[in-house]
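Working notes for the structure below.
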Amino acid sequence: QVQPHYDVIIIGAGPSGAAAASLLAQANKNVLVLERQHFPRFSIGESLLPQCMMYLEEAGLREVVEANAQELGFQFKDGAAFYRDGEHTLFDFTAKSSNGPGTTYQVKREKFDQLLIEQARNYGAEVRHGMQVEQVTLANDGGPTSLSVRNLEDDSEQQLSCDFLLDASGFGRVLPRLLDLEYPSDFPVRQAAFCHVKTDLAHPKFDRNKILITVHPTNPEIWFWLIPFADGTASLGVVGSERFFTDDNGAAAALWNKVNDEPYLLAVLGDYQVIRDEQLITGYSANVKQLHGDGFALLGNAGEFLDPVFSSGVTIALKSAVMAVPLVLRELQGETVDWQNEYSVPLRKGIDTFRTYVKGWYDCSFQDVIFYPHQQETIKQMICSILAGYAWDLTNPFVRESERRLRVVTELCQES
Ligand code: FAD
Numbered sequence: 003q004v005q006p007h008y009d010v011i012i013i014g015a016g017p018s019g020a021a022a023a024s025l026l027a028q029a030n031k032n033v034l035v036l037e038r039q040h041f042p043r044f045s046i047g048e049s050l051l052p053q054c055m056m057y058l059e060e061a062g063l064r065e066v067v068e069a070n071a072q073e074l075g076f077q078f079k080d081g082a083a084f085y086r087d088g089e090h091t092l093f094d095f096t097a098k099s100s101n102g103p104g105t106t107y108q109v110k111r112e113k114f115d116q117l118l119i120e121q122a123r124n125y126g127a128e129v130r131h132g133m134q135v136e137q138v139t140l141a142n143d144g145g146p147t148s149l150s151v152r153n154l155e156d157d158s159e160q161q162l163s164c165d166f167l168l169d170a171s172g173f174g175r176v177l178p179r180l181l182d183l184e185y186p187s188d189f190p191v192r193q194a195a196f197c198h199v200k201t202d203l204a205h206p207k208f209d210r211n212k213i214l215i216t217v218h219p220t221n222p223e224i225w226f227w228l229i230p231f232a233d234g235t236a237s238l239g240v241v242g243s244e245r246f247f248t249d250d251n252g253a254a255a256a257l258w259n260k261v262n263d264e265p266y267l268l269a270v271l272g273d274y275q276v277i278r279d280e281q282l283i284t285g286y287s288a289n290v291k292q293l294h295g296d297g298f299a300l301l302g303n304a305g306e307f308l309d310p311v312f313s314s315g316v317t318i319a320l321k322s323a324v325m326a327v328p329l330v331l332r333e334l335q336g337e338t339v340d341w342q343n344e345y346s347v348p349l350r351k352g353i354d355t356f357r358t359y360v361k362g363w364y365d366c367s368f369q370d371v372i373f374y375p376h377q378q379e380t381i382k383q384m385i386c387s388i389l390a391g392y393a394w395d396l397t398n399p400f401v402r403e404s405e406r407r408l409r410v411v412t413e414l415c416q417e418s
């Protein structure tokens, strides 16, 4: 029997897989997406950043997101609000320094991801659900890569082959596991406990167009997200180092014991009802030794994942797809591509920008900047750009020299 062959196979139909599939299908490539789950399926990662609207547009996906936003209950988002022990501050993303969209959405991922992959299918990508990639044999002489795939419906196994393989398997981390590419993250093991609630969020201080990030009143390394959706529901989560949750038994206790410590958050939540059970994820930060190799590249979370605090995950995932696909197309035409300098280095530049501010959040230096009451307008605009996801905008000094700029501005805020 002849093994079915594709130009490109993509493992995973999350945002990075869907964006890559859309682009490849629009370039008339024979592309197959293998996804082990049936959609719609739940995923965490519900607050988008304005920067990702540009990547959705590049992938031919922005129009379908905007056209369906209302019907699918996507919540308009134009900024981030922060609260710490009596201090309120907010960042209006439309007041950022970088060029590009200043608004986006907060989305239920089961709906968002399904919309994107359906559009990729409309462009001509073949998408097969219930298909789990189990083994990969890489081409080592320019020949095809072959994959062993299990059909989870009938437990049968199939061999497929492709000229190029994109791993968009997120926390499945298929190639990092199979090719021994795993590399420890430089972040400590943190965990997140979260659920969905039904609540009208009528508190006068609450702005439903913004994600609300609240810092725990006695431990600033613990923080909460409140992400409203347009259908009267919201996502609520707590994040912190694993060691802060040792007395909490199970996901519900881990979430509510901490939420009950925070009176402002409780006041904003008002009368609520849990409509999606509490869930716990531990040790999600991950890294890899390399983002590419002969005939393959890693996209999105299959590569590196930092931390949820600035909602950068989907933006990085989409960015990786729009960066990788033009290189894949060149390679399919027989060109030699310098994946290190054309993909890995520039992609990691933005990831490293986020890394600086994530580290600064947990050591509190960036928190002190965020909550500083007398922020200079131009500095605030540049920080706003980072928070809006413009982490690759080298015209922004807070991107170009993120560590130095954060250090200087922190000193200014802490001195005064
Ligand atoms: P995914 O969306 O994870 O998709 C991967 C797909 O691959 C899945 O559908 C999976 O079923 C499939 N797959 C896995 N293994 C296999 C296999 N062997 N064979 C076939 N298919 C397979 N990001 C944000 O932008 N905003 C947020 O507010 C945010 N909050 C977060 C909160 C927490 C607690 C965490 C942990 C993450 C958060 N993120 C957030 C990150 C976000 O969830 C991810 O960055 C994003 O989903 C990555 O997209 P992806 O396309 O790389 O992978």
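Taking the UniProt record's numbering, I'd label the letters of the sequence shown as residues 3 to 418. Heads up, the beta-carbon is just placed ideally off N, CA and C, and yes, glycines get one too. None of the values given here were measured: they were computed from a predicted structure.
- Serine 158 has its alpha-carbon roughly 18 Å from the corresponding atom of isoleucine 13.
- The beta carbon of glycine 174 sits closer than 6 Å to at least one heavy atom of ligand 1.
- In the structure shown, the three-state DSSP call for glutamine 193 is strand.
- At the C-beta level, threonine 355 and glutamate 405 stay beyond 7 Å of one another.
- A check of alpha carbon separations from asparagine 101 across Met384, Asp156, Ser418 and Gln134 identifies Met384 as the nearest.
- Within the chosen limit of 6 Å, ligand 1 reaches the beta carbon of leucine 36 through at least one heavy atom.
- Short of 6 Å from the beta carbon of glycine 352, and not among the five residues preceding or following it, lie these beta carbons of its own chain, in chain order: Ala393 and Trp394.
- Inter-residue distance for aspartate 165 and valine 33 is about 10 Å (C-alpha atoms, whole angstroms).
- The way I'd put it, the segment 244 to 257 doesn't touch the segment 297 to 305; fewer than three beta-carbon pairs between them come closer than 8 Å.
- Rounded to whole angstroms, the Cβ separation of valine 199 and isoleucine 277 is 6 Å, and the two are in contact under 8 Å.
- Boundaries of the alpha helix (DSSP H) harbouring tryptophan 363: 347 to 364, taken from the DSSP string.
- In this structure, DSSP gives valine 311 a state outside helix and strand, which the three-state scheme calls coil.
- Under the DSSP assignment, lysine 260 falls in the alpha helix (DSSP H) whose first and last residues are 252 to 261.
- DSSP, reduced to helix, strand and coil, places valine 316 within a helical segment of the structure shown.
- For proline 310, the distance from the CB to the nearest heavy atom of ligand 1 is below 6 Å.
- One alpha carbon belongs to leucine 308, the other to valine 327, and they sit about 23 Å apart.
- Judged by DSSP in its simplified three-state form, alanine 23 adopts helix.
- Taking 7 Å as the cut-off, the beta carbon of glycine 305 is found closer than this to the beta carbon of leucine 293.
- Between the segment 71 to 79 and the segment 33 to 43, the count of Cβ pairs shorter than 8 Å is below three; the stretches do not touch.
- For ligand 1, no non-hydrogen atom lies closer than 6 Å to the CB of asparagine 289.
- The C-beta of valine 217 has 16 or more other C-beta atoms within 10 Å across all chains shown, which makes the residue buried.
- The closest heavy atom of ligand 1 lies less than 6 Å from the beta carbon of asparagine 303.
- Beta-bridge analysis with DSSP links glutamine 275 to Lys200.
- Going by DSSP, lysine 113 is part of the alpha helix (DSSP H) stretching over 111 to 125.
- A heavy atom of ligand 1 is found nearer than 6 Å to the CB of proline 17.
- With a cutoff of 7 Å on beta-carbon distance, glutamate 223 and tyrosine 374 are scored as not near each other.
- Here proline 52 is buried: its Cβ has 16 or more other Cβ atoms, across all protein chains shown, within 10 Å.
- Closest in alpha carbon position to valine 311, among Val66, Val35 and Phe84, is Phe84.
- Here proline 265 is exposed. Its C-beta has fewer than 16 other C-beta atoms within 10 Å.
- Rounded to the nearest whole angstrom, the C-alpha separation of leucine 92 and glycine 81 is 7 Å.
- A contact is defined here as three or more CB-CB pairs under 8 Å, and the segment 145 to 163 meets this definition with respect to the segment 123 to 136.
- For lysine 382, the enclosing alpha helix (DSSP H) has its first and last residue at 379 to 389.
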